[in-house]
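*Asks:* Per numbering that gives the first Met the number 0, residue 0 is the first one in the sequence shown, and the count goes up by one each step.
The beta-carbon is built from N, C-alpha and C at its ideal position, and this holds for glycine as well.
The structure under discussion is supplied below as structure tokens; questions concerning it will follow.
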Amino acid sequence: MDRRPALLVIAHGSRDPRHAAAVTALCARVRALRPALRVEVAFLDFNAPGVPRALERLAADGVRDVVALPLLLTRAFHAKADVPAVLREAAARLPRLTVHRADVLGPSPLLTAALERRLYEAGLRPGDRRSTGVVLASAGSSDPEAIAVIAEIAREWRRTTGWYAVRPAFASASLPRTADAVRALRADGAERVAVAPYVIAPGFLPDRIAHGAEEAGADVLAEVLGPAPELARLLARRYDEALRRERAALVA
Numbered sequence: 000m001d002r003r004p005a006l007l008v009i010a011h012g013s014r015d016p017r018h019a020a021a022v023t024a025l026c027a028r029v030r031a032l033r034p035a036l037r038v039e040v041a042f043l044d045f046n047a048p049g050v051p052r053a054l055e056r057l058a059a060d061g062v063r064d065v066v067a068l069p070l071l072l073t074r075a076f077h078a079k080a081d082v083p084a085v086l087r088e089a090a091a092r093l094p095r096l097t098v099h100r101a102d103v104l105g106p107s108p109l110l111t112a113a114l115e116r117r118l119y120e121a122g123l124r125p126g127d128r129r130s131t132g133v134v135l136a137s138a139g140s141s142d143p144e145a146i147a148v149i150a151e152i153a154r155e156w157r158r159t160t161g162w163y164a165v166r167p168a169f170a171s172a173s174l175p176r177t178a179d180a181v182r183a184l185r186a187d188g189a190e191r192v193a194v195a196p197y198v199i200a201p202g203f204l205p206d207r208i209a210h211g212a213e214e215a216g217a218d219v220l221a222e223v224l225g226p227a228p229e230l231a232r233l234l235a236r237r238y239d240e241a242l243r244r245e246r247a248a249l250v251a
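This is the structure we're talking about:
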């Protein structure tokens, strides 16, 4: 291990065992990208270790600097409230450990690239773009900022890649639902409709997205992002950005 700050990836957690398995696989891919970097994972809920316990272990091992990276796609409630609160509490109990917060993952061209990868793995081809409508299906949020970001990602993805259309949909808290977005694209003339889950790991809400796609007869349902190589590179990028911000603050 080198002397750089460790990376602590903070995932939401789920009762569904597939969630933790996908997060673990993603972190393993990050370790493969950065073999000298210590990469640990913690969860806000449901799974172990929790964030306080993971930070305690790092401190006990002599780690003095940690980059805490929320495994979240938007700046919604968890990013704005839950993660800062748990990090503040842990920092107060571990005064010798310095925790630097990285940005959430989205938006990023690497996420769009990962979505495209999953669509092609599900059977689409580059030649299908002009006749295929895509539903960008996210977990959903009551935070207007997060909803606006998803809508902007859909617009930009359509503008830069040439799909027939890209429409946002949400599994909870916001409308439209996945099934309604699929039907709307059909009504608008899309020859085929593909659903691209904008979620990292399997669980209750991704299953709801899948059920909506099946209910409305979507032609293609992509897998969740999971341990996509683009996502692993994005985690490494957010880690680097957090350290650059810290260095810039020290010299300012």
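(1) Quick one: give me the first and last residue of the beta strand (DSSP E) that residue 253 is part of.
(2) What is the DSSP secondary structure of residue 199, counted as helix, strand or coil?
(3) Do residue 24 and residue 226 have their C-beta atoms closer together than 8 Å?
(4) According to the neighbour-count rule (16 or more other Cβ atoms, all chains shown, within 10 Å of its Cβ), is residue 148 buried or exposed?
(5) Would you list the one or two residues that DSSP bridges to residue 137?
(6) With a threshold of 6 Å on Cβ separation, who are the neighbours of residue 46 within its own chain once the five nearest residues in sequence on each side are excluded?
(7) Residue 105: buried (16+ other C-beta within 10 angstroms of its C-beta) or exposed?
(8) As a quick exercise: from 159, 131, 173 and 97, pick the residue whose alpha carbon is nearest that of residue 137.
(9) Shortest alpha-carbon distance to residue 53 belongs to which of 40, 134 and 167?
(10) Taking the C-alpha atoms as reference points, what is the distance between residue 99 and residue 229?
(11) Could you tell me the alpha carbon to alpha carbon distance between residue 68 and residue 141, rounded to whole angstroms?
(12) Given residue 83, which residues of its chain have a CB within under 8 Å of its CB, disregarding the five upstream and five downstream residues?
(13) Beta carbon of residue 168, beta carbon of residue 220: below 8 Å?
(14) Tell me the residue span of the alpha helix (DSSP H) that contains residue 16.
(15) Spatial neighbours of residue 30 within its chain, please: C-beta separation below 6 Å, excluding the five flanking residues on both sides.
(16) In the DSSP assignment, find the unbroken beta strand (DSSP E) run with residue 339 in it and report its ends.
(17) What does DSSP give as the partner residues of residue 5 in its beta bridges?
(18) Pick helix, strand or coil for residue 76, following the three-state DSSP scheme.
(19) Alpha carbon to alpha carbon, what distance is there between residue 115 and residue 185?
*Replies:* A quick look at the data gives this:
(1) Because the chain here runs from 0 to 251, residue 253 falls outside it and cannot be looked at.
(2) Residue 199 sits at position 200 when you count from the first residue of the sequence shown. Coil, per DSSP.
(3) Position 25 of the sequence shown, counted from the first residue, corresponds to residue 24. Position 227 of the sequence shown, counted from the first residue, corresponds to residue 226. Yes.
(4) Looking up residue 148 in the sequence shown gives position 149. Classification for residue 148: buried.
(5) Taking the sequence shown and counting its residues from 1, the one referred to as residue 137 is at position 138. In the DSSP assignment, residue 137 forms a beta bridge with 169 and 197.
(6) Walking along the sequence shown from the start, residue 46 turns up at place 47. Here the set comprises 12 and 19.
(7) The count along the sequence shown starts at 1 and reaches residue 105 at position 106. Burial call: buried.
(8) Looking up residue 137 in the sequence shown gives position 138. Answer by Cα proximity: 173.
(9) Here the question's residue 53 lines up with position 54 in the sequence shown. Residue 40 is the option with its Cα nearest to residue 53.
(10) Stepping through the sequence shown from its first residue, residue 99 is reached at position 100. Stepping through the sequence shown from its first residue, residue 229 is reached at position 230. Distance between the alpha carbons of residue 99 and residue 229 is about 23 Å.
(11) Locating residue 68 in the sequence shown gives position 69, where the first residue counts as 1. Locating residue 141 in the sequence shown gives position 142, where the first residue counts as 1. Cα-Cα distance, rounded: 22 Å.
(12) Residue mapping note: residue 83 aligns to position 84 of the sequence shown, counting from 1. These residues qualify, in order along the chain: 100.
(13) Here residue 168 is taken as the residue at index 169 of the sequence shown, counted from 1. Here residue 220 is taken as the residue at index 221 of the sequence shown, counted from 1. No, they are not a contact pair.
(14) Locating residue 16 in the sequence shown gives position 17, where the first residue counts as 1. That run of the alpha helix (DSSP H) goes 16-32.
(15) Along the sequence shown, one-based indexing puts residue 30 at 31. Contacts found: 38.
(16) Because the chain here runs from 0 to 251, residue 339 falls outside it and cannot be looked at.
(17) As a first step, residue 5 is located in the sequence shown; it is residue number 6 there, counting from the start. In the DSSP assignment, residue 5 is bridged to 65.
(18) The count along the sequence shown starts at 1 and reaches residue 76 at position 77. Residue 76: helix per DSSP, three-state reduction.
(19) Here residue 185 refers to the residue found at position 186 of the sequence shown. Here residue 115 refers to the residue found at position 116 of the sequence shown. Spanning the two alpha carbons is a distance of roughly 20 Å.
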